[in-house]
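Visitor:
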Amino acid sequence: METFISRKRRRSSVSNEVPPRDPKCDLRGSTDFNEVESTDYKLSILISLHPEKDEGTLLETLLASEGSVERALECLKLPPKKRPAASATSYQSSLSSITRTGKDGATIKQLTKRGKTIHLYTPEDIEAHTPCSIIYNFLPSEEADALLQELVDESPTYKTNTFQLFDRVVSSPHTFCLYVDSWDDAEMQKTQYVYDGKNVEDVRRSLPRMRDASHKVRETVNQEITRRIRSSPTGQKLHHQSPHPWVPNTAFVNCYDGPRESVGYHSDHLTYLGPRPVIGSLSLGVAREFRVRKIIATEDDDSGDSDAARKRADAKADAQGQLSIHLPHNSLLVMHASMQEEWKHSIAPARTISPHPISGNKRINITYRHYKANLHPRFTPKCGCGVPTVLRVVQRQAGNRGKYMWMCYAGYVPGKEGCKFFEWAVFDEDGDPPWAEEAKSSEKQSLNAGEQLPGETEDERMKGGGKGKGEALSSVDEG
Ligand SMILES: O=C(O)CCC(=O)C(=O)O
Ligand SMILES: [Fe+2]
1 METFISRKRR
11 RSSVSNEVPP
21 RDPKCDLRGS
31 TDFNEVESTD
41 YKLSILISLH
51 PEKDEGTLLE
61 TLLASEGSVE
71 RALECLKLPP
81 KKRPAASATS
91 YQSSLSSITR
101 TGKDGATIKQ
111 LTKRGKTIHL
121 YTPEDIEAHT
131 PCSIIYNFLP
141 SEEADALLQE
151 LVDESPTYKT
161 NTFQLFDRVV
171 SSPHTFCLYV
181 DSWDDAEMQK
191 TQYVYDGKNV
201 EDVRRSLPRM
211 RDASHKVRET
221 VNQEITRRIR
231 SSPTGQKLHH
241 QSPHPWVPNT
251 AFVNCYDGPR
261 ESVGYHSDHL
271 TYLGPRPVIG
281 SLSLGVAREF
291 RVRKIIATED
301 DDSGDSDAAR
311 KRADAKADAQ
321 GQLSIHLPHN
331 SLLVMHASMQ
341 EEWKHSIAPA
351 RTISPHPISG
361 NKRINITYRH
371 YKANLHPRFT
381 PKCGCGVPTV
391 LRVVQRQAGN
401 RGKYMWMCYA
411 GYVPGKEGCK
421 FFEWAVFDED
431 GDPPWAEEAK
441 SSEKQSLNAG
451 EQLPGETEDE
461 RMKGGGKGKG
471 EALSSVDEG
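Following full-length UniProt numbering, the numbering of the sequence shown begins with 1 at its first residue and continues without gaps.
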């Protein structure tokens, strides 16, 4: 895949740190453009620009370049022997070789170490150490194979995403496509929803087997949410987490063709999901590693833009390792309600892969998501450019960590400058915005007029069951 597409004029200082991203992913993932970025963020930039190199080499080059992405990029242009000596090595271990989880699920204090990847091989370890749960052999095997075949057949038409980085326009190191449940939704996505400051042209109606799988994903994800809440220390849902059953209405299908295709560390966009979203992620075909790392808060004095502040923040990020979850064919990973706010995830480039009998070198991944009707762009704040804004969360800065904000999206478009629009975002206990009531009455009017609601499936419309009508999750009420 060609990474560099064209060279563009350098953008202004605030846009100097635009990372690789998918339209659905918030790879900046933190307060504002001036906020300190970590090694994983910088590594994701390098991975996107050098998909042919392994992650360890890129990390070493970055560390040897004292955390400067630009210097690392210069080094990577040099023949190998002229590169600076690596200052860190990366090595891997499985969790069981480091420590054991007690039957009581006792928490392990220091799971990750600088430059180290710890592999979580069992559902129990995954649940104990990450905000994820996993179900292996999720679908009956013929169904999983048929779904994989359906998507492999479509995948040659998927596209990479292009975005602006420094003075270049680059493309993401894998392909993807957006699917929704009805043609009406597809039309609405194309014309009204904004990703990275622009509409997405290619939005498709979910394929029959994707829709069949979606019903099963829905059931299982809801069970997993209930189970997770019940077994949490408080037995309560998180603040801002929805108490309503999770209803997937949107799916991103990612295709990784060969071991080098990947996606860098990121958190998923919250703009249409709202706070504390849950995502059901079904993996098909070649098994790949899903790596996660918890975002470390920076003290206020680490959050400036000075070199010293950056170094302090980088040192903290470096001190952290990563956890690796292996995603074989037909596994369902549930990313629970704290994942997008407090963790980042990636699909790491692999040294080798085992080809799959149906998909060859391809891994297909479907992330099923619930887009909230009250976060339709007609309700969310517009910036000075007149574009619906992006919802982000403060991930690092200790003082504001966990606060949500609406920000200008327009500057994400290659060649365009955004404005400085910023507004703190307010949500109630259940993660609904202040205009939720107004949104509901406009939904009712639409229903009376026989229109389809944003995100409502054709099936639901036929049954007369709009979103938000399901009863609250019992575990939530039970407290
Ligand atoms: O391929 C995967 O498992 C993860 C994809 C992902 O992170 C995304 O779609 O946001
Ligand atoms: Fe993601």
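The beta-carbon is built from N, C-alpha and C at its ideal position, and this holds for glycine as well.
1) With DSSP as the reference, please indicate the residues paired to E423 in a beta bridge.
2) Might you give, ordered along the chain, the residues of its own chain that have their beta carbon closer than 7 Å to the beta carbon of E423, omitting 5 neighbours on each side?
3) What is the C-beta distance between P243 and D430, in whole angstroms, given that I count them as a contact (C-beta under 8 Å)?
4) Can you tell me whether V426 is buried or exposed, with buried defined as 16 or more other CB within 10 angstroms of its CB?
5) Given the structure, does D268 come close to ligand 2, in the sense that its CB is under 6 Å from one of the ligand's heavy atoms?
6) Work out the CA separation of S446 and V278 for me, nearest whole Å.
7) Based on the DSSP output, what are the partners of P280 in its beta bridges?
8) How about the stretch 210-222 and the stretch 259-273: do they share at least three Cβ pairs that are nearer than 8 Å?
9) What runs of the beta strand (DSSP E), each 3 residues or longer, lie entirely inside the stretch 176-234?
10) Report back the beta-carbon spacing between R209 and Y179 to the nearest angstrom; my notes put them in contact at under 8 Å.
11) Should T130 be counted as a contact of ligand 1 given a C-beta to heavy atom distance under 6 Å?
12) Does the stretch 143-158 come into contact with the stretch 334-344, if we say contact requires no fewer than three beta-carbon pairs (one atom in each stretch) closer than 8 Å?
13) What do you reckon, is the C-beta of S262 under 6 Å from a heavy atom of ligand 1?
14) Does ligand 3 have even one heavy atom less than 6 Å from the beta-carbon of N254?
15) From the DSSP output, read off the bridge partner residues of D257.
16) Using 8 Å as the Cβ pair cut-off and three pairs as the minimum, do the stretch 433-440 and the stretch 408-422 touch?
17) If we ignore side chains and look at the alpha-carbon of each, how far apart do residue 496 and R293 end up?
18) Please name the residue in T367, S331, I295, H336 whose C-alpha comes closest to that of N137.
19) Going by CA-CA distance only, name the one from Q192, Q322, H370 that's closest to R378.
20) What residue range is occupied by the uninterrupted beta strand (DSSP E) comprising R71?
21) Confirm the yes/no value for this check: CB of residue 480, any heavy atom of ligand 1, distance under 6 Å.
22) What's the gap between the Cα of A348 and the Cα of T61?
23) What number of angstroms, rounded off, separates the C-alpha of L282 from the C-alpha of T226?
24) Three-state secondary structure (DSSP) at L120?
25) Near A72, which residues of its chain fall below 7 Å by C-beta distance, leaving aside the five closest residues on each side in sequence?
26) Give me the Cα-Cα distance between T234 and T130, rounded to the nearest whole angstrom.
27) Would a C-beta distance cut-off of 7 Å place Y409 and G280 closer than the cut-off?
28) Can you find the residues in the same chain that come closer than 6 Å, C-beta to C-beta, to Y272, ignoring five residues on each side of it along the sequence?
29) Are there any heavy atoms of ligand 1 lying less than 6 Å away from the beta-carbon of I296, as far as the coordinates show?
30) Shortest alpha-carbon distance to I296 belongs to which of S141, E74, V152, R396?
31) Please report the residue range of the beta strand (DSSP E) in which S133 lies.
32) For L327, which three-state DSSP category applies?
33) Distance check for I135 and Q155, CA to CA, integer angstroms please.
34) Any chance the CB of N365 is under 6 Å from a heavy atom of ligand 1?
35) Who are the near neighbours of S214 in its chain, counting only those whose CB is closer than 8 Å to its CB and skipping five residues on each side?
Guide: Taking the coordinates as given:
1) W406
2) P381, M405, W406
3) 5 Å
4) exposed
5) yes
6) 27 Å
7) In the sequence as presented, Pro is not what sits at residue 280; that position holds Gly. G280 pairs with V334, Y368.
8) no
9) 203-205
10) About 12 Å; that fails the 8 Å criterion.
11) no
12) no
13) no
14) Of the ligands this structure carries, namely ligand 1 and ligand 2, none is ligand 3.
15) K362
16) no
17) The requested residue 496 is not part of the displayed model; the chain covers only 1 to 479.
18) S331
19) Q192
20) Careful: R71 lies outside any beta strand (DSSP E), inside the alpha helix (DSSP H) at 69-77.
21) This structure does not reach residue 480, given that the chain is present from 1 up to 479, and the question cannot be answered.
22) 17 Å
23) 19 Å
24) strand
25) L46, T61, L62, S65
26) 17 Å
27) no
28) Y371, L375
29) no
30) R396
31) 132-135
32) strand
33) For the record, residue 155 in the displayed sequence is Ser; it is not Gln. Cα-Cα distance, rounded: 25 Å.
34) yes
35) D181, S206, P248, A251, Y368
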